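Numbering (our numbering), first residue to last: 4 to 243.
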């Protein structure tokens with residue numbers, strides 16, 4: 004394949020003398036163990052792969068051919084080979100329920116990768132028809148979190164972003180403590196002195212630190228938090 008030829012050329016030319024990064028745009032269905040091995044040999048450090056969602060119906064709507072099982076296999080193998088991986092998914096697709104988004108988050112959390120969440124945005128040629136169209140360019144900015152329909156609101160979407168960052172922080176702490184994984188409900192006993200992890204695991208609060216090192220509580224969607232904790236209570240979170 005072209006990918007194999009390219010990677011073999013990089014290996015011959017540079018002999019692992021440069022660091023390489025596979026940024027956004029890679030599809031897991033085009034990767035296999037041979038290509039992963041070549042990526043490692045060519046000194047690739049980072050692999051970005053897109054899941055979008057675990058929903059077969061939504062994947063069909065997006066005209067994506069992602070095999071969720073294959074995605075998991077590739078992520079696990081790449082992790083075993085020492086690659087840092089970011090698994091991207093979309094929050095706020097038209098017709099996308101909260102349970103679907105949380106299912107995608109749990110699937111990714113149980114893999115050795117970092118979660119990369121993206122808000123839905125319409126691109127030319129897309130066959131989806133969002134029920135709600137931003138009325139202005141300002142409202143269409145990704146940082147606005149403009150809802151595509153009435154299933155989720157702005158606070159819900161922002162909360163999902165905060166939860167993704169929280170999961171990534173947990174994964175980072177697992178790596179620092181040389182723990183391969185843990186069950187979500189065991190967080191308070193394993194990290195009793197970490198206020199960021201314990202406050203959410205016990206009380207459902209996501210806290211932050213301002214420029215003056217003052218701790219504050221983020222404004223979040225209670226319904227999203229309840230659904231998240233109900234789904235994740237027995238989830239096995241893997242380090243990344």
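C-beta: ideal position from N, C-alpha, C; glycine also.
A quick note: this is a predicted structure, and the numbers were derived from the prediction, not measured.
Based on the DSSP output, what are the partners of residue i in its beta bridges?
{"i": "residue 243", "result": "In DSSP, residue 243 forms no bridge with anything."}
{"i": "residue 13", "result": "Answer is none; residue 13 lacks a bridge partner."}
{"i": "residue 52", "result": "29 and 90"}
{"i": "residue 24", "result": "49"}
With a threshold of 8 Å on Cβ separation, who are the neighbours of residue i within its own chain once the five nearest residues in sequence on each side are excluded?
{"i": "residue 218", "result": "198, 210, 211 and 212"}
{"i": "residue 17", "result": "45 and 46"}
{"i": "residue 61", "result": "55, 96, 98, 99 and 103"}
{"i": "residue 75", "result": "110 and 114"}
{"i": "residue 238", "result": "109, 112, 113, 186 and 187"}
{"i": "residue 29", "result": "50, 51, 52 and 53"}
{"i": "residue 183", "result": "177, 241 and 242"}
Return the CA-CA distance between residue i and residue j, expressed in angstroms with no decimal places.
{"i": "residue 136", "j": "residue 159", "result": "18 Å"}
{"i": "residue 124", "j": "residue 226", "result": "24 Å"}
{"i": "residue 114", "j": "residue 38", "result": "19 Å"}
{"i": "residue 23", "j": "residue 35", "result": "18 Å"}
{"i": "residue 129", "j": "residue 67", "result": "11 Å"}
{"i": "residue 134", "j": "residue 147", "result": "17 Å"}
{"i": "residue 152", "j": "residue 108", "result": "20 Å"}
{"i": "residue 21", "j": "residue 84", "result": "18 Å"}
{"i": "residue 5", "j": "residue 168", "result": "35 Å"}
{"i": "residue 110", "j": "residue 131", "result": "24 Å"}
{"i": "residue 192", "j": "residue 142", "result": "43 Å"}
{"i": "residue 40", "j": "residue 240", "result": "25 Å"}
{"i": "residue 180", "j": "residue 92", "result": "27 Å"}
{"i": "residue 72", "j": "residue 166", "result": "24 Å"}
{"i": "residue 173", "j": "residue 202", "result": "12 Å"}
{"i": "residue 144", "j": "residue 221", "result": "22 Å"}
{"i": "residue 214", "j": "residue 196", "result": "22 Å"}
{"i": "residue 15", "j": "residue 63", "result": "40 Å"}
{"i": "residue 81", "j": "residue 88", "result": "8 Å"}
{"i": "residue 164", "j": "residue 8", "result": "38 Å"}
{"i": "residue 150", "j": "residue 234", "result": "23 Å"}
{"i": "residue 19", "j": "residue 138", "result": "50 Å"}
Please return the same chain residues whose Cβ sits closer than 6 Å to the Cβ of residue i, not counting the five positions on each side in sequence.
{"i": "residue 224", "result": "158, 159 and 162"}
{"i": "residue 190", "result": "200 and 204"}
{"i": "residue 177", "result": "242"}
{"i": "residue 13", "result": "45"}
{"i": "residue 140", "result": "none"}
When you compare each of the options to residue i by their alpha carbons, which one comes out closest?
{"i": "residue 26", "options": "19, 18, 47 and 20", "result": "47"}
{"i": "residue 175", "options": "118, 153, 35 and 150", "result": "118"}
{"i": "residue 120", "options": "240, 105, 130 and 128", "result": "105"}
{"i": "residue 232", "options": "214, 215, 206 and 220", "result": "206"}
{"i": "residue 112", "options": "42, 14, 90 and 126", "result": "90"}
{"i": "residue 10", "options": "43, 30, 29 and 33", "result": "43"}
{"i": "residue 86", "options": "70, 52, 58 and 122", "result": "52"}
{"i": "residue 78", "options": "15, 49, 188 and 145", "result": "49"}
{"i": "residue 229", "options": "32, 221, 208 and 216", "result": "208"}
{"i": "residue 32", "options": "149, 70 and 81", "result": "70"}
Which residues in the same chain have their Cβ closer than 7 Å to the Cβ of residue i, if we skip the five residues on either side of it in sequence?
{"i": "residue 155", "result": "95 and 101"}
{"i": "residue 171", "result": "117 and 118"}
{"i": "residue 236", "result": "187 and 188"}
{"i": "residue 58", "result": "103"}
(message) Report the start-end ranges of each beta strand (DSSP E) in the region 94-173 that is 3 residues or longer and not cut off at the edges.
(response) 117-122
(message) Threshold first: 3 residues or longer. Then list the beta strand (DSSP E) segments lying entirely within the region 167-242, N to C.
(response) 184-186, 210-212, 218-220 and 239-241
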